[in-house]
Amino acid sequence: MNGEPLTILLVEDNPDHAELVMRNMEDSQVANRIIHVEDGEAALDYLFGRAGYADRNSFPLPHLMLLDLRLPKIDGLQVLKEVKTNAALKALPVVVLTTSAAERDMAMAYEYHANSYVTKPVSFEEFSKLLGDLGFYWLAWNKRPW
Amino acid sequence: MSIDISLPGFGRCRRFIMPVVITTIIMIIVATVIYNALSAFFIKDAEYKIKNVLLSHRGLHSYIQKVMHPAFYAARDAGKVAQDYYSPKIFSSSYIVRNIHSFYNEELKKAGLPEIYYKMASDNPRNPVNRADASETTLIRMFNDNRDITEFRKIIMVGGSKYLYYAIPFLETNSSCIRCHGKRADAPQGLQALYPGEGGFNEKTGVYRAIESIRVPISDEITTATVLACSISAGFVAMFMLFFFNRRLKVIVDEKTSTLEAEVVERKSREADLEIKNAELERFTYTVSHDLKSPLITIKSYTGSIKKDLSSGRFDRIEKDLERVSAAGDKMAVLLDSLLELSRIGQVIHALEAVDMNMLVDDAVKNVAGLLQEKGAKIVVQPELPTVWCDRQRIGEVIQNLLENALKYMGEQSKPHILFGVRREYGTTTFFVQDNGIGVDEKYQQNIFGLFNKLDAGSVGTGIGLALVKRIVEVHGGTVWVESEGLGKGSTFCFRLPDHNLKETQ
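Chains A and B, in that order, are what the protein sequence lines are.
Sequential numbering of the first sequence, starting at 19, is according to the working numbering.
Sequential numbering of the second sequence, starting at 4, is according to the working numbering.
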């Protein structure tokens, strides 16, 4: 940790799950900042700096995106596809964090170049461990693109 | 609605009348033409043969007159024969030819050929066998009056059989004929002695004093012509019938083919339907597993979190977390109920009945009265809605769900207003629920009816209501859609039932 501000963009429509993720992330103290949006449209608006997210000082580009798949308005796979086909954004590590264990979802996520695909564990302990490990790996061990 | 009154058997029978009539007409025409042509040919042929015989006889007459008589007279003048010698066997060409002809007939008989009837007829004969009958007398006069006519032919009936009768005039009487056919007193003594009376005398030069006639049976030829005409026309009929039946067969085969093709098309459409249903089911299973697992994660994780908080003495968020767990449990219960409901719709559709839509809408409005009061909204129902054939309970659910949906997504609208109405356009009848709430962005108008598709994560509701509406309307064979000019512009949810479900109000 070199004191550089690290940001996670959490795209999650279930407020309970979002709270769970944020709680665990705060506990593990890897990220300085977690930004939570509730649907795919808001996620893309944030990433592309549209609709009130234009100011990069207040809304910096994230270093990691945790992306749920079933989202209102624009679904997670579509968000993933747009990020990974955008020259400026495609290096952003995207971890799909979803309830779905459907093979089709996983195949599509990798097809669109998801960096990782993780299903939400049912037990609290596993959830905590997973988020701790995720944060540590992607924000500490992994060489970040920016 | 019209009723098809034509019976299949009748139609088939009628289809056969025309070809049969046409075939019969063709057969008659063909047979007549062929019969006539063949008869003409055979008669011409028979005529040619008998004309040959007659001409040959005439040649004989000429020989007797021009060669035999002068030779005999020369011999008589030379004193080799008595001056008054006469014998019809040497002098009478009619006698000679008649007798030659009977020898000829004998030869024909021996050769197994039919005999040919020959007669020389005169109205002034020496020998009564040559006496002309009435019709022959008429013919002699006709040939004398019309010198350009050289022959006569007619088909006559003798003893019930058909014969070709053919006649030509005898040689014109000339000066040498007069020697025996002039005045009786001038004729040779032998001749006068042999033939008493005036028969054969007093003839004048330049006239036809007789005709020669022949008749041959032509029954065989007629029979042959008839048989040939019938066979050929039968052949034509057979060909025509073959052509006709071939065409009928082609029609039947074409009908069968198009039936089969229609079946294939229908099966393909069923397969496509099934594919859509399968895809729907797959989506359904997927959504169910996802949306049921989601509250499960909440329950399990927060229970774990609470345990941890309890052991670490952190009590500030326990109550809030317990609420989350409880709410997640409730949500699972609601989801399970709704899913059960949704899965039933395809199977349980009550008997269709004539439903007064005004009454149905009024009931639905009563059911949402609580929510209506809470939102301070006003609902207007268009009067005189049509009566519809439908499952009363299910369509009631559709209306209630649409009203609830409109009330739930009013947003910040200070004067919430809902209109239930009907519109008729392009011959169809569409019911609609129009609100002045938050509206639906064009992008989401398609998938808003999908199961658990909520546009707003924070909103109330399970995401099942509109899926339910879609399912019920589609089970009725209808369609459902939303019209909205965009966010903040209100929305109009429409459903249309098939036309045959509509029963206009009296």
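A virtual CB, placed ideally from N, CA and C, is assigned to each residue, including glycine.
Which residues in the same chain as A:L62 place their Cβ atom closer than 7 angstroms to its Cβ, once the five residues preceding and following it in sequence are excluded? I92, V97 and E100
If you count every other CB in all the chains shown that lies within 10 Å of the CB of A:A60, and 16 or more means buried, which is it? buried
What's the call for B:M360, buried or exposed, on a 16-neighbour Cβ count within 10 Å? buried
Roughly how far, in whole angstroms, is the beta-carbon of A:I5 from the beta-carbon of A:L84, given that I think they are within contact range, below 8 angstroms? Look at the range of chain A in this structure, 19 to 164, and you will see that residue 5 of chain A is not part of it.
Just to confirm, is the Cβ distance from B:I143 to B:R218 under 8 angstroms? no
Output the residue ranges of the alpha helix (DSSP H) runs that lie fully inside the stretch 64–105 of chain A and measure 4 residues or longer, sorted by chain position. 94–102
If you draw a straight line from the alpha carbon of A:N75 to that of A:H35, how long is it in whole angstroms? 27 angstroms
List, in chain order, every chain B residue whose beta-carbon is nearer than 7 angstroms to that of A:H38. Sequence check: residue 38 of chain A is Leu here, not His. Residues of chain B passing the Cβ test: S304.
Pick from B:G200, B:F75, B:I171 and B:Y169 that is closest to B:E184, judged by C-alpha positions: The sequence shown places His at residue 184 of chain B, not Glu. Nearest C-alpha to B:H184: B:G200.
B:H503: contacting residues in chain A (beta-carbon distance under 8 angstroms): Within chain A, no residue comes near B:H503; the closest Cβ sits about 38 angstroms away, beyond 8 angstroms.
Using the beta-carbon count (16 or more within 10 Å), is B:R212 buried or exposed? buried
State buried or exposed for A:E37, treating a residue as buried only when at least 16 other CB atoms are found within 10 Å of its CB. buried
For A:V48, which residues in the same chain have their Cβ closer than 6 angstroms to its Cβ, ignoring the five residues on either side in sequence? G153, F154 and L157
Within 8 angstroms (strictly less), CB to CB, does B:A460 reach chain A? The predicted position of B:A460 is uncertain, since its pLDDT is 49 and thus under 50; a value taken from the coordinates is nonetheless stated next. It does; some Cβ of chain A falls within 8 angstroms.
Applying a beta-carbon distance threshold of less than 7 angstroms, which residues of chain B neighbour A:R88? H293
Pairwise C-alpha distance: B:N249 and B:Y120: 54 angstroms
Which residues in the same chain as B:E224 place their Cβ atom closer than 6 angstroms to its Cβ, once the five residues preceding and following it in sequence are excluded? F45
Who are the neighbours of A:N32 on chain B, taking C-beta pairs under 9 angstroms? S297, P298, I300, T301 and A460
Please tell me whether B:S487 has its Cβ less than 8 angstroms away from any Cβ of chain A. no
Cα-Cα, which of B:V368, B:S417 and B:H64 is closest to B:E215? B:H64
Ordered list of alpha helix (DSSP H) runs contained in the stretch 340–400 of chain B, each at least 4 residues: 360–370 and 372–378
Chain-ordered residues of the stretch 111–134 of chain A with a beta carbon less than 9 angstroms from chain B: T116, T117, S118, A119, A120, R122 and D123
Give me the chain A residues within the contact set of B:S308, using Cβ-Cβ distance strictly less than 8 angstroms, ordered along the chain. L38, R41 and F142
Got a sec? Which residues, its chain only, sit under 7 angstroms from B:G453 by beta carbon, not counting five neighbours each side? A470
What residue does the alpha helix (DSSP H) around B:R182 start on, and which one ends it? S178 to H184
Find the nearest neighbour of A:I53 within the set A:D45, A:L79 and A:R68, judged by alpha-carbon distance. A:L79
Closest by CA to A:N133, which one among A:H81, A:S141, A:A69 and A:D73? A:H81
Using a Cβ-Cβ cutoff of less than 6 angstroms, which residues in the same chain neighbour B:P298 once the five nearest sequence positions on both sides are dropped? A331, K334 and M335
Between the stretch 401–411 of chain B and the stretch 356–374 of chain B, do at least 3 Cβ pairs fall closer than 8 angstroms? yes
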